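For the sequence shown, this note's numbering gives the first residue as 46, with consecutive numbering after it. Beta carbons: idealized from backbone N, C-alpha and C, even for Gly. Please read all numbers here as calculations on a predicted model, not as lab measurements.
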Amino acid sequence: MKRRLSVTARGWVALVLTPVSAVAGLAVGAEELILLAIGLATLLLGGLLQSAVRARRAQSNWRISMALPVSDVEVGSALALVVSVTTAQGGGAVPVWIEDPIWCWERVQRRGKRVRPNPALALRIPLLRDGAVTTFESAVPTEGRGVYVQRGLRLWCFDTVGLFSRLVGTGPSATVSVYPVPTPVSLPEHVLLGEPGNEDHQLLAPEGPKRRDNLGDFSGIRPYVPGDRLRLLYWPALARTGELMVRDFEDTGPRHMYLHADVRWQVGLSGSERILATAAAVGLDALALGSIVELSTSSGERIAIGPGPHAAISFLRAIAAVDAFGGPAAAERGVSHLSTSPLVITTAEGATSLPGALGLAHIALAP
């Protein structure tokens, strides 16, 4: 890893003031300004050399590890990130700072640029002997729903004044999914079970390999209907009567519950969070009944999750990752693929402005 040089905010102030003070001092004949420029230039040069020497001694002699007890939590849960820093080969004799984790979490849907190293927002690592470890905990942001990423804490060497910094180590990344507390609503069982589905869904949490030859129980012979599979043709009937007949089977495959979360801007941020909390409870109930849940949102997202041992947590992760908001066009796209009317979760205000086909769907209001 290269010892990347970075100028801190304090360093940029010194870099700007140095030539300004020098020019102003020469222009007005003020010796104080010229002396200030000389002093700042000396600090800058000294800081540059000192940070380089410290980084050379500390380079590759530090290791950062992070541990999370869980990676999926409900909104408002208490969760701490455990950070361990280890030194070797004399690196502990060099003063280093690590970014404060609380300032380094980013919501996946709202990523921004990484901030410049700032000694005021960094934590000083105590001087350590070779092989020694220092550990500290930092709270994880769980106040709001979302998927949060810690892209790896950076370890820096600063000069004494804090004008320059050099990167000497980077830790691993960490990810936390914060999902809403499911809010149950009363729905008939047939609504939760959904409709008979097709075999071609790509499931996020399938129970096992698809069995395309599992057609259910044989129920008899019926006339051929365009769209029937040719392998179901009953050829003896064609030879006797000249008509195409197919073998008919009872549908014993999984059912699909089509769930649409109305997270348009019209329902507001608070309304969207209530809708997603209700959708979480409805989806979990449907999965518990053995149905495949196909979740779509008015922001254009879509995912299908099948029942299985990891179905519940997969569905909650999908809810955590939903990005509001979407407009009417996105809401129409969100249900354009459905072969039947979905169950729409919305608020009382949102129900009055549902676009197109959504207005004809089965509607459940979020509390």
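- The three-state reading of DSSP puts GLU346 in coil, since its state is none of H, G, I, E or B.
- In the three-state reduction of the DSSP assignment, LEU81 falls in the helix class.
- The three-state reading of DSSP puts ALA97 in helix, counting H, G and I together.
- Looking only at PRO400, LEU399, GLY395, the smallest Cα-Cα distance to ALA411 is reached by GLY395.
- Of the residues assessed, PRO387 falls on the buried side of the cut-off, its CB having 16 or more other CB atoms within 10 angstroms.
- The residues ARG211, LEU212, in chain order, have a CB closer than 8 angstroms to that of ARG49 in the same chain once the five nearest residues on each side in sequence are set aside.
- Taking each of ARG285, ALA67, ILE337, ALA369 in turn and checking the Cα distance to SER317, the smallest one comes out for ALA369.
- In this structure, DSSP gives VAL130 an extended state, which the three-state scheme calls strand.
- In the structure shown, the three-state DSSP call for GLN311 is helix.
- Comparing C-alpha distances from ALA409 to each of ARG362, TYR303, ALA97, ILE358 shows the shortest one belongs to TYR303.
- DSSP, read as helix, strand or coil, puts ARG211 in strand.
- As DSSP reads the structure, VAL230 sits in no beta bridge.
- Under the three-state reduction of DSSP, ASP330 is assigned to helix.
- Put simply, the backbone Cα of ALA82 is about 58 angstroms away from that of LEU361.
- If you check the CB distance, PRO164 and TRP150 do not come in under 8 angstroms.
- Ranked by Cα distance from HIS355, the first of ARG347, SER341, GLY335 is GLY335.
- A distance below 8 angstroms separates the beta carbons of THR391 and ILE320.
- Only residues of its own chain outside the window of five on either side were considered, and among them ASP204, THR205 have a CB closer than 7 angstroms to the CB of GLN95, listed in chain order.
- The residue from ALA393, PRO400, ALA69, VAL389 with its alpha-carbon nearest to that of LEU232 is VAL389.
- One alpha carbon belongs to SER222, the other to ARG190, and they sit about 8 angstroms apart.
- ARG196 sits in coil when the DSSP states are folded into three classes, being neither helix nor strand.
- Contact between the stretch 105 to 114 and the stretch 346 to 353 is absent, with fewer than three C-beta pairs closer than 8 angstroms.
- ASP117 is bridged by DSSP to SER222.
- The beta carbon of ALA219 lies closer than 7 angstroms to those of MET111, LEU113, LEU126, GLN195 in the same chain, with the five residues before and after it left out.
- Just so you know, the alpha carbons of THR187 and LEU124 end up roughly 8 angstroms apart.
- Residue environment analysis places VAL226 among the exposed positions, since fewer than 16 neighbouring C-beta atoms fall within 10 angstroms of its C-beta.
- Judged by beta-carbon spacing, VAL236 lies beyond the 8 angstroms limit of ALA326, meaning their Cβ atoms are not closer than that value.
- Ranked by Cα distance from ASP145, the first of ARG199, VAL98, GLY351 is ARG199.
- Counting other Cβ atoms within 10 Å of its Cβ, GLY328 reaches 16 or more and is therefore classed as buried.
- Sequence-distant Cβ neighbours of VAL130 in its own chain, meaning closer than 6 angstroms and more than five residues away, are ILE109, ILE170, THR179.
- Under the three-state reduction of DSSP output, PRO412 falls in the coil class, being neither helix nor strand.
- Going by C-alpha positions, TRP201 is about 10 angstroms away from LEU168.
- In this structure, THR215 lies near GLY197, with their beta-carbon atoms less than 8 angstroms apart.
- DSSP, reduced to helix, strand and coil, places ARG300 within a strand of the structure shown.
- According to DSSP, ALA167 shares a beta bridge with GLU144.
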